[in-house]
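**Student:** Numbering (UniProt numbering), first residue to last: 250 to 419.
My questions will all concern the structure given below.
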Ligand code: I3S
């Protein structure tokens, strides 16, 4: 039953390149902006990073080293949330705005909390693309996630569904 406690499960970890766009943010509709993103599922977090420009993430991905890829994404993220020293010496204005999905080039550019979210195959009116997943978060963000490759998107659908059902009652 939904009220019975679930035993702890091993952390889910998965990554790959997917096409992603936000369609709603904090309950408000936003303009689509499809982009190819590094997508990392870690525990109940889904993290997106730009597919190009940084170099390191791609090379770790190609070499198949998930731990190094994650470290690279984390260190890029830490760099992105703090101004770099070279910049802070010359810049004394207000802090830069928080990283936005599809906005600046920081990595990862967007993270969602899957706890309490939902995942389903998107209906035709959501996108003309095939193999589109619609992911809704409890915070009122809706994302479309797509891959041209059936097996890839099916695996993500399974992983996201499992993650959401595992963490639903935390
Ligand atoms: O749901 P929409 O508005 O038909 O989404 C399409 C648009 O975002 C379009 O860009 P413009 O805002 O410049 O019209 C995109 O290029 C399309 O990819 C979007 O539709 P799909 O069906 O690909 O999700």
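Ideal Cβ placement from N, Cα and C applies to all residues, glycine included.
With DSSP as the reference, identify every bridge partner of residue 276, one or two as the case may be.
**Tutor:** As a working mapping, residue 276 is identified with position 27 in the chain shown. The partner list for residue 276 (beta bridge, DSSP) is empty, contrary to what the question assumes.
**Student:** Taking just the CA atoms, how far does residue 320 sit from residue 280?
**Tutor:** Within the chain shown, the letter at position 31 stands for residue 280. Within the chain shown, the letter at position 71 stands for residue 320. The straight-line gap from Cα to Cα measures roughly 31 Å.
**Student:** May I ask which residues mark the beginning and end of the alpha helix (DSSP H) holding residue 415?
**Tutor:** On the chain shown, position 166 is the one that residue 415 refers to. Counting along the chain, the alpha helix (DSSP H) containing residue 415 begins and ends at 399-416.
**Student:** What residue does the beta strand (DSSP E) around residue 385 start on, and which one ends it?
**Tutor:** Here residue 385 refers to the residue found at position 136 of the chain shown. Residues 381-385.
**Student:** When every heavy atom of the ligand I3S is checked, does at least one fall within less than 7 Å of the C-beta of residue 376?
**Tutor:** Position 127 of the chain shown, counted from the first residue, corresponds to residue 376. Yes, the Cβ of residue 376 comes within 7 Å of a heavy atom of the ligand I3S.
**Student:** Under the criterion of a Cβ to heavy atom distance below 7 Å, does residue 364 qualify as lining the ligand I3S?
**Tutor:** To locate residue 364, count along the chain shown from 1; it is residue 115. It does not: the Cβ of residue 364 is nowhere closer than 7 Å to a heavy atom of the ligand I3S.
**Student:** With respect to 7 Å, is the separation between the Cβ of residue 405 and the closest non-hydrogen atom of the ligand I3S below this value?
**Tutor:** Within the chain shown, numbered from 1, the residue matching residue 405 stands at position 156. Not under cutoff, so the answer is no.
**Student:** State the CB to CB distance for the pair residue 375 and residue 393, rounded to an integer number of angstroms; the pair is presumed to be in contact (CB under 8 Å).
**Tutor:** On the chain shown, residue 375 is found 126 positions in, with the first residue counted as 1. On the chain shown, residue 393 is found 144 positions in, with the first residue counted as 1. Indeed, because the Cβ distance is near 6 Å, the residues count as touching under 8 Å.
**Student:** Whose CA, out of 284, 275, 408, lies closest to the CA of residue 267?
**Tutor:** Mapped onto the chain shown, residue 267 falls at position 18. Minimum Cα distance to residue 267 is reached at 284.
**Student:** Just to check my reading of the structure: residue 398 and residue 382 have Cβ atoms closer than 8 Å, yes? What is that Cβ distance to the nearest angstrom?
**Tutor:** In the chain shown, residue 398 corresponds to position 149, counting from 1. In the chain shown, residue 382 corresponds to position 133, counting from 1. Wrong, their Cβ atoms sit about 13 Å apart, outside the cutoff.
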